[in-house]
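Visitor: Our numbering applies: residue 1 is where the sequence shown begins, and numbers increase by one.
Quick one: the structure is below, and I'll ask about it shortly.
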Amino acid sequence: MPRLSGTTGGDHRDRGRAGGRPSVSPGENADAVVLRRASAADARAAADVWLRSFSAALPTVVRPHSDAEVRAWFRHVVVERYETWVAEGADGAVDGVMALEGEELSQLYLAPERRGRGIGDRFVALAKERRADGLSLWTFQVNAPARRFYTRHGFKPVEWTDGDRNEEREPDVRYVWRP
1 MPRLSGTTGG DHRDRGRAGG RPSVSPGENA DAVVLRRASA ADARAAADVW LRSFSAALPT
61 VVRPHSDAEV RAWFRHVVVE RYETWVAEGA DGAVDGVMAL EGEELSQLYL APERRGRGIG
121 DRFVALAKER RADGLSLWTF QVNAPARRFY TRHGFKPVEW TDGDRNEERE PDVRYVWRP
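As structure tokens, then:
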């Protein structure tokens, strides 16, 4: 299934501020977004975030799978087999999804309207905490915002391909982060 860019765990809030309060972007309620392990009940909402995010961020990349196939992949693989986390907003909606498969950060997608609010930063911090020895990921070369985001978080590009190894046949780049 798509390459776009299990241990246990509960809610994850960034406790880096004084008083143990979660850190959030300006203008957001500190408790507005909770990062928590995904459950089977989250699979459809997480897949829908993935679908909307992919369409918004990668309009020129042709998806090789239908919406129904992506939803089935989330239900039977991403949520069931990977260490998958969701960002849940104050309204209970899934605003983002992150999946770790071994040392690979295999999925990190946000609802388009939730970008730029620090949720992706929190997901990366969580991934680094969960995989303290290092992480790798793939993203499409055409996805310049994602490439800047991962570079800002200390990931280094280590391999560029012509896309012949991914289903989309889109040139991609592998990034690695080491502590």
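From the three backbone atoms N, C-alpha and C, an ideal C-beta is built for every residue, glycine too.
Quick caveat, the model's predicted, so the values are computed rather than measured.
Counting only the same chain and skipping the five closest in sequence on each side, list residues whose C-beta sits under 7 angstroms from that of G163.
Guide: Excluding positions up to five away in sequence, the list reads R169, E170, P171 and D172.
Visitor: Using only alpha-carbon positions, find the residue among V142, L137, N143 and E83 that is nearest to F155.
Guide: Nearest of V142, L137, N143 and E83 to F155, Cα basis: L137.
Visitor: Contact check, D95 vs A111 under 8 angstroms by CB: the rounded distance?
Guide: That belief holds up - the Cβ atoms of D95 and A111 are roughly 5 angstroms apart, short of 8 angstroms.
Visitor: Bridge partners for V86 per DSSP, in chain order?
Guide: R36 and V97.
Visitor: Label T139 either buried or exposed according to how many other C-beta atoms from any shown protein chain fall within 10 Å of its C-beta, with 16 as the threshold for buried.
Guide: Under this definition T139 is a buried residue.
Visitor: Check whether the Cβ atoms of G192 and E83 sit closer than 8 angstroms, and answer yes or no.
Guide: Look at the range of the chain in this structure, 1 to 179, and you will see that residue 192 is not part of it.
Visitor: Using a Cβ-Cβ cutoff of less than 6 angstroms, which residues in the same chain neighbour V78 once the five nearest sequence positions on both sides are dropped?
Guide: The answer, listed in chain order, is T84 and A99.
Visitor: Buried or exposed: where does V33 fall if 16 or more other Cβ atoms within 10 Å of its Cβ makes it buried?
Guide: Buried.
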